[in-house]
Amino acid sequence: MGKLNVVVLRYLSRDDFRVLTAVEMGMKNHEIVPVSLLSSIASLKHGGCNKVLRELVKHKLVAYERSRAVQGYRLNNGGYDYLALKTLCAREVLISVGNQMGVGKESDIYIVASPNGEQYAMKLHRLGRTSFRNLKNKRDYHQHRKNVSWLYLSRLSAMKEYAYMKVLYERGFPVPKPVDYNRHAIVMEFINGYPLCQVHKLEDPSHLYNEFMELIVKLANHGLIHGDFNEFNLMLDDHDHITMIDFPQMVSTSHLNAEWYFDRDVKCIRDFFARRYNYESELYPTFKDVKRSCSLDIDVSASGFTKDMERDSALLHPAGPDEEDDDEEEESDDEEATDEEEEEEVDIDEYKHAMLELEGLKISDPTADKHEEQSEEKEEQKETETTSPAVGEEEEEQKETETTSPAVGEEEPGKELSEAEDECPELGDLSAANKDFKPFRDSDSLLQMAEHMRRRRTDSEGTVGSMGSCSTIPLEVVRQKVRRQLSKQQKAAQRRRLQKGEANLVTSVRRENDSNIKCSMESDSFWG
1 MGKLNVVVLR
11 YLSRDDFRVL
21 TAVEMGMKNH
31 EIVPVSLLSS
41 IASLKHGGCN
51 KVLRELVKHK
61 LVAYERSRAV
71 QGYRLNNGGY
81 DYLALKTLCA
91 REVLISVGNQ
101 MGVGKESDIY
111 IVASPNGEQY
121 AMKLHRLGRT
131 SFRNLKNKRD
141 YHQHRKNVSW
151 LYLSRLSAMK
161 EYAYMKVLYE
171 RGFPVPKPVD
181 YNRHAIVMEF
191 INGYPLCQVH
201 KLEDPSHLYN
211 EFMELIVKLA
221 NHGLIHGDFN
231 EFNLMLDDHD
241 HITMIDFPQM
251 VSTSHLNAEW
261 YFDRDVKCIR
271 DFFARRYNYE
281 SELYPTFKDV
291 KRSCSLDIDV
301 SASGFTKDME
311 RDSALLHPAG
321 PDEEDDDEEE
331 ESDDEEATDE
341 EEEEEVDIDE
351 YKHAMLELEG
361 LKISDPTADK
371 HEEQSEEKEE
381 QKETETTSPA
391 VGEEEEEQKE
401 TETTSPAVGE
411 EEPGKELSEA
421 EDECPELGDL
431 SAANKDFKPF
441 RDSDSLLQMA
451 EHMRRRRTDS
461 EGTVGSMGSC
471 STIPLEVVRQ
481 KVRRQLSKQQ
491 KAAQRRRLQK
501 GEANLVTSVR
511 RENDSNIKCS
521 MESDSFWG
């Protein structure tokens with residue numbers, strides 16, 4: 001629970017805040033977050049999560065804890081402060097942090113400045129101090145949860161106080177003007193005044209006493225009881241104007257112990273005025289005097305939200321562990337958007353090239369497809385027009401082929417015929433006439449195609465048809481396939497980079513194991 005030191009904040013890089021956010025996200029369901037989970041959540045571009053963690057430990061932003069069961073890191077108050085300040089600076093709410101103005105049992109107050117030069121007060125909730133350990137029995141922050149970290153309880157307290165402050169300011173109550181909040185930090189209007197506990201003299205104590213009592217009754221008429229209405233939570237300026245602060249402990253007038261809380265607030269003011277200013281009055285309000293005119297306790301729910309605030313998306317989804325990660329990933333989202341625009345601007349020919357490389361397909365032009373279809377239709381018509389020969393003709397053709405085609409071992413009779421033709425030219429003319437004479441051979445029979453050739457042709461046409469059907473893939477499908485393939489390659493490359501970046505962690509574990517083995521061997525040799 002040390003003081004806030006913002007010197008290191010300006011030197012932290014984007015990777016440092018990504019790792020801090022990863023630790024915060026891991027602490028949702030881990031008291032001590034292991035390094036493997038941190039590296040997977042942070043997913044740094046070039047790895048090296050372990051090196052960043054060691055630097056953060058050096059600056060006391062995270063703490064390293066090791067036990068027999070688990071070893072890992074947990075977020076400190078300093079790291080949580082840095083995450084809240086980083087978000088508020090990104091929203092241009094504040095630009096510098098000044099001195100510490102006050103310290104309470106559950107908060108620290110600092111003076112800050114906006115980019116416009118306006119001064120604000122920043123309240124950092126510090127639940128879990130030694131003087132405020134019995135929180136779970138006195139407050140309903142954790143509700144049904146059994147185990148909750150103090151950082152998360154501080155965030156719930158800040159949310160509740162900001163919601164009450166905003167509602168009361170809109171209703172005209174004397175409270176500081178709320179500016180913004182993030183996590184456990186609240187930025188509000190800077191009040192030039194002093195706490196009532198530091199004021200030792202008043203010009204008119206009776207008038208101020210009446211104002212305090214009227215303020216208590218006014219709160220009760222609106223359905224709220226402050227619960228801690230004392231000299232430490234009331235401020236006075238130079239003109240004795242009242243400003244009320246510290247609202248997380250407010251309760252409803254319909255509470256079971258509402259009358260006891262109301263009487264305690266009245267008693268605190270009466271005792272203080274009697275002790276400090278020697279002023280006592282017999283007139284003081286009671287709980288029976290309350291006339292309820294408004295229901296702010298119903299509007300402000302137990303979680304700190306109002307019905308009016310539910311329309312505000314910023315409060316409906318409060319800034320949490322994911323916001324810093326979203327702020328840090330805005331640049332990557334913009335880069336992805338630009339990449340998608342560039343991909344859409346690529347020509348269709350490039351996508352055809354990519355499709356040929358990935359799919360091995362061929363994209364044909366629609367005009368060529370039409371010509372191919374017309375030629376196929378003409379060939380089919382010709383085939384239907386041609387009549388198949390009769391069975392007898394096929395037998396005669398086979399006989400002719402048997403008579404005309406010589407056998408394998410009939411080379412010598414062929415030589416004899418050639419010699420006979422040389423001797424008798426009449427025999428040569430007769431053999432030529434027999435070769436030219438081909439009965440039952442007309443133009444239709446010459447166009448006849450063998451059955452096995454026809455089958456081959458139909459099979460090839462089927463394959464060509466299938467290729468043609470595959471070539472008509474929509475362009476959007478091709479783009480999706482190309483993008484999917486590219487994303488797989490990028491993820492694989494990123495995985496290799498992350499493994500390379502975390503190699504030092506594996507090396508340290510191996511060195512530790514080697515040293516343990518060496519020590520055990522030396523001890524064995526020492527004892528003989």
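Quick note on the UniProt record's numbering: the sequence shown kicks off at 1 and runs consecutively. Glycine included, C-beta positions come from ideal geometry on N, C-alpha and C. The model shown is predicted, which means the values in this text are computed figures rather than measured ones.
1) If you follow the beta strand (DSSP E) that ALA69 is in, where does it begin and where does it stop?
2) Are the beta-carbon atoms of CYS268 and ASN210 separated by less than 8 Å?
3) Closest to PRO248 by CA distance: which of VAL300, ASN5, ALA84, SER295 is it?
4) For the beta strand (DSSP E) containing MET188, list its first residue and its last residue.
5) So VAL187 and MET122 are supposed to be a Cβ contact under 8 Å. How far apart are they, rounded?
6) Assuming the contact rule is C-beta atoms closer than 8 Å, residue 540 and SER154 should be a hit. Round their C-beta distance to whole Å, please.
7) With DSSP collapsed to three states, give me the class of THR472.
8) Tell me whether the beta-carbon of ASP15 lies closer than 8 Å to the beta-carbon of VAL52.
9) From GLY102, PHE212, ARG495, pick the residue whose C-alpha is nearest to that of LEU44; which is it?
10) Rounded to a whole number of angstroms, what is the C-alpha to C-alpha distance between SER39 and VAL23?
11) Which same chain residues, not among the five before or five after GLY193, have their C-beta less than 7 Å away from its C-beta?
12) Nearest by alpha-carbon distance to VAL7: which of VAL251, GLU65, GLY98 is it?
13) Would GLU106 and LEU127 be called neighbours here (beta carbons separated by less than 8 Å)?
14) Where do the N-terminal and C-terminal ends of the beta strand (DSSP E) with THR243 fall, by residue?
15) Reducing DSSP to helix, strand and coil, say where LYS45 ends up.
16) Could you tell me which whole beta strand (DSSP E) segments of length 3 or greater appear in the segment 217-257?
17) Let me know the secondary structure DSSP gives ASN513 once reduced to three states.
18) Do GLY79 and LEU4 have their C-beta atoms closer together than 8 Å?
19) Measure the alpha-carbon distance for ILE473 versus LEU486 and round it to whole angstroms.
20) Assign ASP204 to one of three DSSP states: helix, strand, or coil.
21) Should PHE287 and PHE262 be called a contact, given that it needs their Cβ atoms to be closer than 8 Å?
22) Expressed to the nearest angstrom, what Euclidean distance is found between the alpha-carbon atoms of LEU224 and MET213?
23) Consult DSSP for GLU298 and reduce its assignment to one of helix, strand or coil.
24) Just verifying my parser: in three-state terms, what is the DSSP assignment at GLY193?
25) CB CYS294 to CB ASN221, shorter than 8 Å?
26) Excluding five sequence neighbours on each side, which residues of the same chain lie with their C-beta closer than 7 Å to the C-beta of GLY102?
27) Over what stretch of residues does the beta strand (DSSP E) that includes VAL179 continue unbroken?
28) Per the DSSP calculation, GLY102 is bridged to which residue(s)?
Inspection of the coordinates gives the following:
1) No beta strand (DSSP E) contains ALA69, which DSSP labels as neither H nor E.
2) no
3) VAL300
4) 185-189
5) 5 Å
6) In the structure displayed, the chain extends from 1 to 528; residue 540 sits before or after that span and is not available.
7) coil
8) yes
9) ARG495
10) 10 Å
11) MET235, LEU236, ASP237, THR243
12) GLY98
13) yes
14) 242-244
15) coil
16) 234-236, 242-244
17) helix
18) no
19) 19 Å
20) coil
21) yes
22) 14 Å
23) One detail in the question is off: residue 298 reads as Ile in this sequence, not Glu. In this structure, ILE298 counts as helix in the three-state DSSP scheme.
24) coil
25) yes
26) ILE109
27) 178-182
28) ILE109
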